[in-house]
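My numbering puts the sequence shown at residues 629 to 1182. No residue lacks a Cβ here, since even glycine has one placed at the ideal position from N, Cα and C. Remember, it's a predicted structure, so these values are computed and weren't measured experimentally.
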Amino acid sequence: MKTDIQIAQEAQMDKIVDVASRLGLNEDDIDLYGKYKCKISLDKLNSDKENGKLILVTAINPTPAGEGKSTVTIGLSQALNKLDKNAIAVLREPSLGPVFGIKGGAAGGGYAQVVPMEDINLHFTGDMHAITAANNLLSAAIDNHIHQGNKLRIDSRRIVFKRVIDMNDRALRSLVVGMGGKPNGFLREDGFMITVASEVMAVLCLSSDLMDLKKRMGDILVAYNLDGQPVYCKDIEVEGAMALLMKDAIKPNLVQTLENTPAIIHGGPFANIAHGCNSLIATKLGLKLSDYVVTEAGFGADLGAEKFFNIKCRYGNLKPEAVVIVATVRALKHHGGVKKDDLGTPDVEALKKGIKNLEKHIENVKKFGVKPVVAINRFVSDAEEELSFIEEFCNEHGVEVALTEVWANGGEGGVQLAEKVLNIIDNKESDFKVLYNENISLKDKVEVIAKEIYGADGVEFTRKALNNIKSIEKFGLDKVPVCMAKTQKSLSDNDKLLGRPSGFNITVKEVKISNGAGFAVVLTGDIMTMPGLPKVPAANKMDISDDGVIEGLF
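1. So R798 packs on M1158, CB below 8 angstroms; how close in whole Å?
2. Please report the distance separating the alpha-carbon of S911 from that of V718.
3. Excluding sequence positions up to five away, which residues of its chain have a Cβ less than 8 angstroms from the Cβ of D608?
4. So, for N1067: in the same chain, excluding its five sequence neighbours on each side, which residues have a beta-carbon less than 8 angstroms away from its beta-carbon?
5. Along the beta strand (DSSP E) that carries R1091, what are the first and last residues, could you check?
6. Check the C-beta distance from F927 over to N900 and give it rounded, since I have them as a contact under 8 angstroms.
7. How about the segment 1056-1063 and the segment 944-956: do they share at least three Cβ pairs that are nearer than 8 angstroms?
8. Return the chain-ordered list of same chain residues with a C-beta closer than 7 angstroms to the C-beta of E1040, the five sequence neighbours on each side being excluded.
9. Determine, using beta carbons only, whether D818 and L803 come nearer to each other than 7 angstroms.
10. Taking only three categories from DSSP, how would you classify V804?
11. Could you check whether the segment 783-793 touches the segment 871-880, counting it as contact only if at least three pairs of C-beta atoms, one from each stretch, sit closer than 8 angstroms?
12. Which of helix, strand or coil does DSSP assign to S705?
13. Rounded to the nearest angstrom, what separates D863 and K667 at their Cα positions?
14. For a quick check, are the C-beta atoms of N1005 and V700 less than 7 angstroms apart?
15. Compare the C-alpha of V850 against each of S784, P1165, S835, P1129 and name the closest.
16. Could you tell me whether the segment 1077-1088 touches the segment 1124-1133, using the rule of 3 or more Cβ pairs below 8 angstroms?
17. Skipping 5 residues on each side, what residues in its chain have a beta carbon closer than 6 angstroms to that of S705?
18. Threshold first: 3 residues or longer. Then list the beta strand (DSSP E) segments lying entirely within the segment 937-965, N to C.
19. May I ask you to verify whether the segment 1145-1153 touches the segment 1112-1123, counting CB pairs closer than 8 angstroms and requiring at least 3?
20. Assuming contact is defined by CB atoms lying nearer than 7 angstroms, are A1145 and A769 in contact in what I supplied?
21. Give the DSSP-derived three-state secondary structure of T911 in the structure shown.
22. If I follow the unbroken alpha helix (DSSP H) through I864, where does it start and stop?
Here it is as structure tokens:
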């Protein structure tokens, strides 16, 4: 059996100028990054063309067994084109941290991949580096301001903006900067986050254009002064320089799938510690360039989809027409208590327990007024009785369901799913609505999500979290959506509670305001903004030969 990278390396790619041409883009609309990658001018956002239909792909809570959400997203876009529909995939950019850590790649799988796969998984067009540079320019400017006399009277004990790097590196979580005496600045505690968790990433993904990005950069809350008043990036006067570093990164990237379906890849926030959606610009551009946009949101529907609806759709005035919930027999059995090594053994009884997780996600999607379709992403080990059980369950709950085999068969393996999605779009207008009003209190917004989406009995706020909320409310920064930082493995904040847990509370440990991005980050459980590498990182299996052939990249 060929690996994903072997399949990708055998791909017959079209020149990106030809892919762009099929979208109505000419040479003045694109900036080439070699033969198979380009960036798209933002001018096309002003097109008079009617927007296409928006389709979101989400999933059940992820497990070690794998769900294949990105693979289904890519496969569905290919399948729609096989049905002679003008469809485009719009995805997030992979982060180097997980690529070299656990995932080993994040460009789909099998015959439902985006290419050039190696480039996309590595440095791509440099967007992640631009975000890292802009973020760390602000960090350097803060410390320099203090060193050069501290006109703003910044309290070095209350600097809330951290440095970033696009790599999993637990050693950088907490550190001390300014060591080495007077020439090196003032001694203070600091730390790094992974780039994709930074507010600069969120700003990129929620900005409408370069000037909006610059304004949002200026609005980033970086510290408090000795009087307890907030200090913003614009007070440090580097938002213009940060926007300059982002002038190319703000343009979405155009590539293609293995079947030459256009794919826009732009922005890459995690969904467990950030808002988990590709850029608003990329999605809106896709809607102008095609009739159907297939996009995804990170991890399960309790994280990525909830934030897609309540944050991205709210700010972008987007209206999703259908939602695909990806599930696998193996993952549902894991939620039913089956250990990873035993997932290949048929076990309908475990499925009966684990399918409760899918049931909750179906209920949650319906709360937003959008009709879901369940995509059973088929594995070779799946037994017919197991597949039949899931199909019967969906039928009993009045939910469309389709068996997908896009990993093995590309777009052809997603035609049934595509037909179900088109049927929903053609026959039922979306009644999309957000879950809460952003003007209610922060505590109330958190409780709505915890009770309605997670199924919690209530929320417990630590003293630190309550003090955080008090401070945020004091300065009138609280009338924004909330971005929950929570484990992806469970509907609860305890990753050991699989399936559909009940009788639990969510514990909020800290609340931070991302004023430039326009949301409050609510940290629960043991979630960290800087992941670590596993015992055997994916990087250990990667290599490159003397003739430039890459191995081990998934």
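Taking the structure as given:
1. The pair is a contact, with the Cβ atoms about 7 angstroms apart (cut-off 8 angstroms).
2. First, the residue type needs correcting, since residue 911 is Thr and not Ser in the sequence shown. Using only the alpha carbons, I get a separation of about 6 angstroms.
3. Summary: the structure shown does not reach residue 608, with the chain confined to residues 629 through 1182, and so no result is reported for it.
4. K1107
5. Judged by DSSP secondary structure, R1091 falls outside any beta strand (DSSP E) and instead within the alpha helix (DSSP H) spanning 1091-1102.
6. 6 angstroms
7. yes
8. The residues are K710.
9. yes
10. strand
11. no
12. helix
13. 32 angstroms
14. A distance below 7 angstroms separates the beta carbons of N1005 and V700.
15. S784
16. Taking 8 angstroms as the limit for Cβ pairs, the verdict is that the segment 1124-1133 does touch the segment 1077-1088.
17. Closer than 6 angstroms at Cβ, skipping near neighbours: A715, A717, T889, V922.
18. 948-955
19. yes
20. Cβ atoms of A1145 and A769: not closer than 7 angstroms.
21. helix
22. 861-864
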